[in-house]
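Participant:
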Amino acid sequence: MVYKVYYQESMDQNPKREMTQSFFLEADSHAEAYAMAQKNTDYNIETVEELSDAALVYEQADPEFSLTTFN
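For the sequence shown, the working numbering assigns the number 61 to the last residue and increments by one with no breaks.
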């Protein structure tokens, strides 16, 4: 499944909606996606959302779409 991770780059600042960014990753469950994002980044993770098939097709239409992988 593909998940969209919403985050703030800084852990030191108050989260602001205008500063929210996102990346996509593939995981077997919501909990695994959240754990991967927490473990492999220094970001302030806001939420992790599982993408439906329609939402995934919409996101993939963006030429900048890419899945983030962690080694």
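Glycine included, C-beta positions come from ideal geometry on N, C-alpha and C.
Quick check: the region 26 to 41 against the region 2 to 17, are at least 3 beta-carbon pairs closer than 8 Å?
Facilitator: yes
Participant: Measure from the alpha carbon of PHE60 to the alpha carbon of each residue in ALA21, GLN28, LYS6 and TYR(-4), then state which is nearest.
Facilitator: Position 70 of the sequence shown holds residue 60. Answer by Cα proximity: GLN28.
Participant: Note down the Cα distance separating ASP43 from ALA17, rounded to an integer number of angstroms.
Facilitator: Here residue 43 refers to the residue found at position 53 of the sequence shown. Here residue 17 refers to the residue found at position 27 of the sequence shown. Roughly 15 Å separates the two Cα atoms.
Participant: Report, in whole angstroms, the separation of the C-beta atoms of GLU49 and LEU57, which I expect to be a contact under 8 Å.
Facilitator: For the purposes of this step, residue 49 is taken as residue 59 along the sequence shown, with counting starting at 1. For the purposes of this step, residue 57 is taken as residue 67 along the sequence shown, with counting starting at 1. That belief does not hold up - the Cβ atoms of GLU49 and LEU57 are roughly 10 Å apart, past 8 Å.
Participant: With C-beta atoms as the reference, is VAL38 less than 7 Å away from VAL(-8)?
Facilitator: The residue given as residue 38 occupies position 48 in the sequence shown. The residue given as residue -8 occupies position 2 in the sequence shown. Against a cut-off of 7 Å, the Cβ pair of VAL(-8) and VAL38 comes out as no contact.
Participant: So within the region 8 to 45, which uninterrupted alpha helix (DSSP H) runs reach at least 4 residues, ignoring any that extend past its ends?
Facilitator: 20 to 30
Participant: Could you name the residues of the same chain whose beta carbon sits closer than 8 Å to that of SER69, not counting the 5 residues immediately before and after it, in chain order?
Facilitator: Since the first residue shown for the chain is -9 and the last is 61, residue 69 is missing from the structure and cannot be characterised.
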